[in-house]
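Structure record follows, encoded as structure tokens.
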Amino acid sequence: MKALIERIVKMRNPAFTLDPGLNSGAVIQMFWIQIFNILRGLSVMFFLRNPKGMLLGKRVSFFNLSKIQWGKFLRLGNDVYVSGLGRKGVEFGDNVSIGAFSRIIVSASMNDIGEQIKIGNNVGIGEFAYLGGAGGLEIGDECIAGQYLSCHPENHNYQNPDISIRHQGVSRKGIKIGKNCWIGSKVTILDGVEIGDGSILAAGSVITKSFPKNSIIAGVPAKLIKTRNYENESDYIGELLCRESL
Numbered sequence: 001m002k003a004l005i006e007r008i009v010k011m012r013n014p015a016f017t018l019d020p021g022l023n024s025g026a027v028i029q030m031f032w033i034q035i036f037n038i039l040r041g042l043s044v045m046f047f048l049r050n051p052k053g054m055l056l057g058k059r060v061s062f063f064n065l066s067k068i069q070w071g072k073f074l075r076l077g078n079d080v081y082v083s084g085l086g087r088k089g090v091e092f093g094d095n096v097s098i099g100a101f102s103r104i105i106v107s108a109s110m111n112d113i114g115e116q117i118k119i120g121n122n123v124g125i126g127e128f129a130y131l132g133g134a135g136g137l138e139i140g141d142e143c144i145a146g147q148y149l150s151c152h153p154e155n156h157n158y159q160n161p162d163i164s165i166r167h168q169g170v171s172r173k174g175i176k177i178g179k180n181c182w183i184g185s186k187v188t189i190l191d192g193v194e195i196g197d198g199s200i201l202a203a204g205s206v207i208t209k210s211f212p213k214n215s216i217i218a219g220v221p222a223k224l225i226k227t228r229n230y231e232n233e234s235d236y237i238g239e240l241l242c243r244e245s246l
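Position 111, counted from 1, in the sequence shown is what my numbering calls 111; the numbers after and before it change by one each time, with no gaps.
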């Protein structure tokens, strides 16, 4: 049984191996959970869509399914909601996993539907995530994120004190997260931010500005602590200044 399950899982994750200490009861229970998830994934065939090995938890729901695209082996946990209400909708790459109780919502407004959410290949996002896409959200390949990731590519205008903020409209710049980033639990990313490839965002950080590749970021608001190439921020800034002077 263990060998069979391992072969099946390797279709989605070639590097997967079962822990030798795993008891047979847990393996069998997990096997049946995944069987039911696959069967629920087949439900999209009623809408003339190819599930491509999709695994759906309980009570997963879609809105505007025609604007939602996915690659192979998309896995959505229990109570995930995906809304493709946007100009380009939602696009999942291959082997994407979204944790339970997450919300993937391009836009909630029908008078200004927003852009898109694009998630690359081999991306794993923990439970209770909120991913908005009104101004555009892109998450690169190989990114991993803990629970409660929150992305908000939109801001309310507020300059006129004589008009209600909700009646002053919004501004949208978009959010772009590069490839191979590690995002800790309870990170919030605000509109206009671009995160370079290979960066690490510490748990609890609020990201209000952009950072280059291989940055290690922490704080509220987040600051550059060091990079994966340098011990501290001053070394990194010094290198940037040297490059600019050449």
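C-beta: ideal position from N, C-alpha, C; glycine also.
{"Check": "For Trp182, which option in Gly192, Ile200, Arg12 and Gly174 has the closest C-alpha, if you only look at C-alpha atoms?", "Outcome": "Ile200"}
{"Check": "Considering only C-alpha positions, which residue in the set Lys179, Ile177, Asn157 and Asp162 is nearest to Ser171?", "Outcome": "Asn157"}
{"Check": "Give the secondary structure of Glu251 by DSSP, where H, G and I count as helix, E and B as strand, and everything else as coil.", "Outcome": "This structure cannot speak to residue 251, because the chain is shown only from 1 to 246."}
{"Check": "Is it right to say Ala203 is buried, meaning 16 or more other beta carbons lie within 10 angstroms of its own, or is it exposed?", "Outcome": "exposed"}
{"Check": "Among Arg166, Phe46, Met54 and Ser24, whose alpha-carbon lies nearest the alpha-carbon of Phe36?", "Outcome": "Met54"}
{"Check": "Leaving aside the five residues before and after Gly132 along the sequence, list all residues of the same chain whose C-beta is less than 7 Å from its C-beta, in chain order.", "Outcome": "Ile105, Cys151, His152, Pro153 and Glu154"}
{"Check": "In the DSSP output, what is Thr188 paired with across the bridge?", "Outcome": "Ser150 and Val206"}
{"Check": "Among Ala3, Gly41, Ile8 and Phe16, which has the Cα closest to the Cα of Ser24?", "Outcome": "Ala3"}
{"Check": "Taking C-beta to C-beta, are Asp94 and Phe62 nearer than 8 Å?", "Outcome": "no"}
{"Check": "Could you tell me which whole alpha helix (DSSP H) segments of length 4 or greater appear in the region 8-88?", "Outcome": "24-41"}
{"Check": "According to DSSP, is Ile113 helix, strand or coil?", "Outcome": "coil"}
{"Check": "Hey, Pro212 and Gly196: beta-carbon distance below 8 Å or not?", "Outcome": "yes"}
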